[in-house]
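To start, the structure under review is shown below, and the notes come after it.
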Amino acid sequence: MFFHIRRLLKHSVVYGLGHVISRVVSFVLLPFLTHSLNPEQYGVMTLLYTFISIVQVVYIYGADIAFLRYYIPEKDEEKRMGIFSTVLWATLAGSVLLSLIIVATSGWITRIIFNNPGALDANTGYLIVLSVGILFCDTLATYPYLWFRSVEKSLPFIAVKSAGVALHVGLTVVFLAVLDRGIRGIFEANLIASAAQLAVLLPVILRNTRAAFHMKLFGEMFRFGIPNMPSQLFVMVVELSDRKILELMLGLTAVGLYSAGYKLGLFMAVITMGFRFAWQPFFMSIADRPDARETFARVFTYFILVAGTLFLGFTFLVGPLMKINLPVVGVLIEERYWPGLKVFPVILLAHICNGAYANFMVGVYLTRKTGLMPLVTGAAAVVNLAVNLLLIPVFGMMAAAWSHVAAYLTLAGLLYVLIQKHYYIKYEWTRVATIVACGGLVYALSTIPFLEAHWPLKLLLLPAFFLLLKASNFFLPEELAAVRRRLFPSRAG
Numbered sequence: 004m005f006f007h008i009r010r011l012l013k014h015s016v017v018y019g020l021g022h023v024i025s026r027v028v029s030f031v032l033l034p035f036l037t038h039s040l041n042p043e044q045y046g047v048m049t050l051l052y053t054f055i056s057i058v059q060v061v062y063i064y065g066a067d068i069a070f071l072r073y074y075i076p077e078k079d080e081e082k083r084m085g086i087f088s089t090v091l092w093a094t095l096a097g098s099v100l101l102s103l104i105i106v107a108t109s110g111w112i113t114r115i116i117f118n119n120p121g122a123l124d125a126n127t128g129y130l131i132v133l134s135v136g137i138l139f140c141d142t143l144a145t146y147p148y149l150w151f152r153s154v155e156k157s158l159p160f161i162a163v164k165s166a167g168v169a170l171h172v173g174l175t176v177v178f179l180a181v182l183d184r185g186i187r188g189i190f191e192a193n194l195i196a197s198a199a200q201l202a203v204l205l206p207v208i209l210r211n212t213r214a215a216f217h218m219k220l221f222g223e224m225f226r227f228g229i230p231n232m233p234s235q236l237f238v239m240v241v242e243l244s245d246r247k248i249l250e251l252m253l254g255l256t257a258v259g260l261y262s263a264g265y266k267l268g269l270f271m272a273v274i275t276m277g278f279r280f281a282w283q284p285f286f287m288s289i290a291d292r293p294d295a296r297e298t299f300a301r302v303f304t305y306f307i308l309v310a311g312t313l314f315l316g317f318t319f320l321v322g323p324l325m326k327i328n329l330p331v332v333g334v335l336i337e338e339r340y341w342p343g344l345k346v347f348p349v350i351l352l353a354h355i356c357n358g359a360y361a362n363f364m365v366g367v368y369l370t371r372k373t374g375l376m377p378l379v380t381g382a383a384a385v386v387n388l389a390v391n392l393l394l395i396p397v398f399g400m401m402a403a404a405w406s407h408v409a410a411y412l413t414l415a416g417l418l419y420v421l422i423q424k425h426y427y428i429k430y431e432w433t434r435v436a437t438i439v440a441c442g443g444l445v446y447a448l449s450t451i452p453f454l455e456a457h458w459p460l461k462l463l464l465l466p467a468f469f470l471l472l473k474a475s476n477f478f479l480p481e482e483l484a485a486v487r488r489r490l491f492p493s494r495a496g
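Plus 3 on top of the position in the sequence shown (first one is 1) and you've got the working numbering.
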């Protein structure tokens with residue numbers, strides 16, 4: 004079991020690093036953008052990227068999960084090429100059609116995205132066209148990246164991501180600081196970087212694509228993947244509706260402040276996304292082993308342990324570090340954005356709940372019960388919208404942050420209840436509860452006024468967390484023995 008978990012950890016770290024690199028754009032540019040844009044402009048940018056995220060679900064229409072489901076178990080190379088070709092041609096045709104429709108209706112779409120587009124100091128129609136270009140390039144680039152994951156070629160995955168990020172960051176700085184292109188420059192830089200990334204991935208596409216389209220195969224994959232489209236749209240509602248509702252109720256400035264604090268939650272999003280990228284190929288590769296379900300349960304326990312530890316570390320360090328006046332660069336987050344930082348711990352917690360949901364997806368894939376997903380994600384979307392609509396007028400951006408926690412708890416809880424009937428896994432709930440209780444106690448201690456005023460001392464609470472776990476008999480004898488072997492290999496010999 005430990006061998007397989009180490010393999011999962013290795014690929015989670017590698018893909019997590021890849022996701023870190025891809026998200027470096029958001030994080031590295033956060034200080035630069037908070038100094039270059041006012042909160043209202045930042046809000047405009049956020050809503051446009053919200054539009055891109057939602058529409059990309061329609062561009063992909065669930066073909067990504069269908070590709071992984073059919074490609075990974077297939078061992079015949081010719082059939083694998085048939086799968087890749089079929090998905091790629093279908094996606095290309097759909098992307099061209101959707102892009103033409105969006106460009107033709109850009110004026111109407113602009114009025115949906117923004118409450119009062121006429122009052123904005125931006126050519127919103129042009130921004131929509133740039134967004135379509137980004138969508139087209141990123142959608143086609145999805146399949147080379149899925150191929151890297153399927154064949155466990157994690158290093159090329161990271162290499163291409165790194166090059167794309169470096170180009171994106173560099174171009175954004177040039178377009179904003181040198182050419183003074185404003186919000187337009189942000190999306191122009193993104194489009195150039197996305198197109199360049201697709202060009203680099205073109206050899207992978209050409210090597211795996213044939214002039215063939217298998218209609219029967221496409222029908223099977225479509226039926227498997229299409230239930231994922233409404234469920235992914237519901238997930239997008241969960242992830243992104245808070246920004247639109249904040250704009251309607253509190254204005255673009257509130258969206259900008261909230262989004263800056265939300266972006267810091269990428270620290271945990273990186274962990275959960277790295278896990279997701281490694282998780283599906285991993286559980287499908289060991290699903291036939293007799294100890295597979297026991298391994299899946301243990302992975303969930305370790306995920307909560309790692310995520311809980313990182314939650315404590317991030318909340319102790321990141322918020323205060325953003326406000327420190329550093330030599331040369333000054334404060335990392337411009338002071339006018341500080342009111343939005345209070346949502347940071349809540350967003351971290353939401354991403355942990357999202358990671359729990361990813362753990363429970365194992366049964367959906369192995370039993371092909373994707374039809375459950377619209378129900379589960381739809382319920383989460385309803386909870387999210389209800390919390391946002393009812394509580395944002397009272398609690399402002401904190402209600403928006405907690406709407407994510409409520410929605411992801413609904414998502415994970417409902418999926419767990421439904422899928423256990425089809426694929427039962429005996430999770431280690433007593434151990435998970437121990438992690439939550441000890442972590443909650445340590446976090447509560449960290450909010451003591453003395454520690455708030457002397458925040459570096461909070462780091463002493465991290466070893467206290469593990470001492471509490473040890474005192475609670477959390478660790479199994481074989482786990483302690485494995486740690487001792489790692490720390491003291493000579494004694495083990």
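Just so it is clear, CB atoms sit at the ideal spot from N, CA and C, and this is done for glycine as well.
Do residue j and residue i come within 8 angstroms of each other at the CB atom, strictly closer than that value?
| i | j | result |
| --- | --- | --- |
| THR212 | SER88 | yes |
| GLU43 | LEU255 | yes |
| GLY442 | GLU250 | no |
| PRO323 | SER234 | no |
| ILE248 | ILE395 | yes |
| SER475 | LEU464 | no |
| VAL90 | MET224 | yes |
| LEU243 | PHE347 | no |
| MET400 | GLY343 | yes |
| LEU101 | PRO147 | no |
| PHE139 | THR127 | no |
| LEU351 | PHE319 | no |
| ALA144 | LEU201 | yes |
| SER197 | ILE137 | yes |
| LEU236 | VAL60 | yes |
| PHE227 | ALA69 | yes |
| ALA415 | TYR360 | yes |
What does the alpha-carbon distance come out to for the pair residue i and residue j?
| i | j | result |
| --- | --- | --- |
| ILE186 | TYR426 | 48 angstroms |
| SER98 | GLN423 | 37 angstroms |
| PHE285 | ASP291 | 12 angstroms |
| LEU490 | LEU471 | 21 angstroms |
| LEU500 | SER153 | What is shown of the chain runs 4 to 496, which leaves residue 500 out entirely. |
| HIS7 | TRP282 | Caution applies to HIS7, whose pLDDT of 49 falls short of 50 and renders its modelled position unreliable; the model cannot decide the point. |
| ILE229 | ILE289 | 26 angstroms |
| MET84 | LEU460 | 56 angstroms |
| PRO76 | LEU149 | 14 angstroms |
| ARG339 | PHE216 | 54 angstroms |
| THR49 | VAL334 | 22 angstroms |
| VAL397 | MET252 | 11 angstroms |
| PHE54 | LYS429 | 40 angstroms |
| PHE178 | LEU133 | 14 angstroms |
| TYR129 | GLU431 | 53 angstroms |
| ILE307 | ALA402 | 24 angstroms |
| VAL439 | LEU36 | 36 angstroms |
| VAL163 | PRO452 | 46 angstroms |
| THR437 | PHE469 | 11 angstroms |
| GLU482 | SER39 | 49 angstroms |
| MET364 | THR380 | 12 angstroms |
| PHE151 | TYR64 | 20 angstroms |
| ILE131 | LYS326 | 34 angstroms |
| THR312 | VAL349 | 15 angstroms |
| THR413 | ALA404 | 15 angstroms |
Under DSSP, the alpha helix (DSSP H) around residue i begins and ends at which residues?
| i | result |
| --- | --- |
| PRO284 | 269-289 |
| PRO459 | Careful: PRO459 lies outside any alpha helix (DSSP H) and carries neither H nor E. |
| LEU324 | 295-325 |
| TYR146 | 127-153 |
| ARG72 | 66-74 |
| LEU91 | 80-107 |
| TRP341 | Counting along the chain, TRP341 falls outside any alpha helix (DSSP H), and DSSP gives it neither H nor E. |
| LEU465 | 464-474 |
| ILE63 | 42-63 |
| VAL439 | 432-449 |
| LEU483 | 480-490 |
Compute every distance between the C-beta of residue i and the non-hydrogen atoms of the ligand HEM, then say whether any falls below 7 angstroms.
| i | result |
| --- | --- |
| PRO147 | Of the ligands one can find in the structure shown there are none, so the ligand HEM has no counterpart to examine. |
With a threshold of 8 angstroms between beta carbons, is residue i in contact with chain D?
| i | result |
| --- | --- |
| PHE306 | Absent from the structure: chain D. Only one protein chain is present. |
Original post:
Would you call the region 396-416 and the region 349-362 in contact, with 3 or more CB pairs under 8 angstroms?
Top reply: yes
Original post:
Can you list, in chain order, the stretches of the alpha helix (DSSP H) that have 4 or more residues and sit fully within the region 351-402?
Top reply: 365-370, 376-398
**OP:** For the region 164-240, list the beta strand (DSSP E) runs that are entirely contained and at least 3 residues long, ordered along the chain.
**Re:** none
**OP:** Would you check if there are 3 or more beta carbon pairs closer than 8 angstroms linking the region 160-178 to the region 192-202?
**Re:** yes
Original post:
Is there contact here, the region 381-393 with the region 295-306, by at least three beta-carbon pairs under 8 angstroms?
Top reply: no
**OP:** Kindly confirm or deny that the region 412-420 and the region 254-274 touch, where touching means at least three C-beta pairs closer than 8 angstroms.
**Re:** As far as the Cβ criterion goes, the region 412-420 does not touch the region 254-274, which means the pair count is below three.
**OP:** Evaluate contact between the region 386-396 and the region 365-375, counting only Cβ atoms and requiring at least three cross-stretch pairs below 8 angstroms.
**Re:** no
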